[in-house]
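Novice:
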Amino acid sequence: MSNLFQLPPRPSVPLEGEEARFPVGRIFCVARNYEAHAREMGFSADRDAPFYFTKTPSAICHSGETIPYPPGTANCHYEMELVVAIGTPAFGISVAQAMSVVLGYACGFDMTRRDLQNAARDQGRPWDTGKDFENAAVIAPLTRVEAFGAVGDQRITLTQNGELKQDAHLRDLIWSVPELISDLSRYYHLAPGDLLYTGTPAGVGPIAPGDRLVGAIDGLTPVELQIGPAE
Ligand code: MN
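First residue of the sequence shown: -15, per our numbering; consecutive thereafter.
#1: Can you tell me the Cα-Cα spacing of residue -14 and residue 89, whole angstroms?
#2: Quick check: the Cα distance between residue 116 and residue 40, rounded to an integer number of angstroms?
#3: Note down, in chain order, each residue of its chain lying with its Cβ closer than 6 Å to the Cβ of residue 187, except the 5 sequence neighbours on either side.
#4: Once the 5 residues before and after residue 155 are set aside, which same chain residues still bring their CB inside 7 Å of it?
#5: Under a three-way DSSP split, which group does residue 37 fall into?
#6: Kindly examine the ligand MN and report whether one of its heavy atoms sits closer than 8 Å to the Cβ of residue 13.
#7: Where the beta carbon is closer than 5 Å to any heavy atom of the ligand MN, which residues qualify, in chain order?
#8: Taking Cβ to Cβ, would you say residue 190 is nearer than 9 Å to residue 61?
#9: Return helix, strand or coil for residue 210, following the three-state DSSP convention.
#10: May I ask which residues mark the beginning and end of the alpha helix (DSSP H) holding residue 162?
#11: If residue 121 sits next to residue 43, beta carbons under 8 Å apart, how far is it from one beta carbon to the other, in whole angstroms?
#12: Inspect the beta-carbon positions of residue 70 and residue 166 and report whether they are closer than 9 Å.
#13: What would DSSP say about residue 6, mapped onto helix, strand or coil?
#14: Buried or exposed: residue -7, going by 16 or more other Cβ atoms within 10 Å of its Cβ?
#15: Go through its chain and collect everything with a Cβ distance to residue 85's Cβ below 6 Å, but skip five positions before and after it.
#16: Just checking my contact of residue 207 with residue 68 at CB under 8 Å: how many whole Å lie between their CB atoms?
#17: The alpha helix (DSSP H) spanning residue 99 covers which residue range?
#18: Tell me whether residue 199 sits in a helix, a strand or coil according to DSSP, three-state version.
#19: I need the DSSP call for residue 142, collapsed to helix, strand or coil.
#20: Determine the direct distance from the alpha carbon of residue 7 to that of residue 32, and round the result to whole angstroms.
#21: Would residue 14 and residue 35 qualify as a contact pair, given that the criterion is a beta-carbon distance under 9 Å?
#22: Comparing the C-beta of residue 93 with each C-beta of chain C, is any distance below 9 Å?
#23: Using CA atoms only, rank isn't needed, just tell me which of 50, 59, -12, 128 is closest to residue 96.
#24: Take the Cβ of residue 106 as the centre, count every other Cβ of all protein chains shown within 10 Å, and call the residue buried at 16 or more, exposed below.
Structure below.
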């Protein structure tokens, strides 16, 4: 049996200091996982169950690239996030077991067409056009969990053209990494290759052509993005 045509190969993410790359399976994202960001979006952060949205793997964009200003939006935002890479199958695992399936971490941007997301939200419609679009899942090279250590006091920041816009600590996550993995594994058979964007701190804002974004987390390789003119 043959296919009518070839699809592009799956995107993959480099690992610091290694030749083999991490092929991307699915991309899960958590909404409103820092209290100050939930408030800036007009919600209270009351530990209701976490909720998720997804991006397709074709949304992956590698750190260091220049992308056109995204189409269909007049209000595209950056969101700087800790990205978790899953390295082991997991289904219905406990919080205590959850860290054993983490392969590593990366810095990433959850790019968001905020105007489309907010309009969809207000009409009770899905967020897909606001969240899942080309170059919307920006990611830096991964660092293995053994080299990074425990998630906690690391600072997470984003600068836009050198100006500090987001500044928080990973301990500010409402739902911790093991809590998120345990919860997500109740709904999906998590598998090697899956990525989880863990939510953004306060300070999100619009991008413009010519912008340079740099996102950093202590102990990880920074993620960088240059915004070009619209196509
Ligand atoms: Mn986000």
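Every residue, glycine too, gets a C-beta built ideally from N, C-alpha and C.
From a predicted model like this one, the values you see are computed outputs, not experimental measurements.
Specialist: Working from what's here:
#1: 37 Å
#2: 7 Å
#3: 149, 150
#4: 136, 137
#5: strand
#6: yes
#7: 63, 94, 184
#8: yes
#9: strand
#10: 161 to 168
#11: For residue 121 against residue 43, the beta-carbon gap comes to about 4 Å, under 8 Å, which counts as contact.
#12: no
#13: strand
#14: exposed
#15: Answer for residue 85: 70, 72, 74, listed in chain order.
#16: About 14 Å; that fails the 8 Å criterion.
#17: First-last of the alpha helix (DSSP H) with residue 99: 98 to 106.
#18: strand
#19: strand
#20: 32 Å
#21: yes
#22: This model lacks chain C altogether, as it is built from one protein chain only.
#23: 59
#24: A residue is called buried once 16 or more other Cβ atoms fall within 10 Å of its Cβ, and residue 106, having fewer, is exposed.
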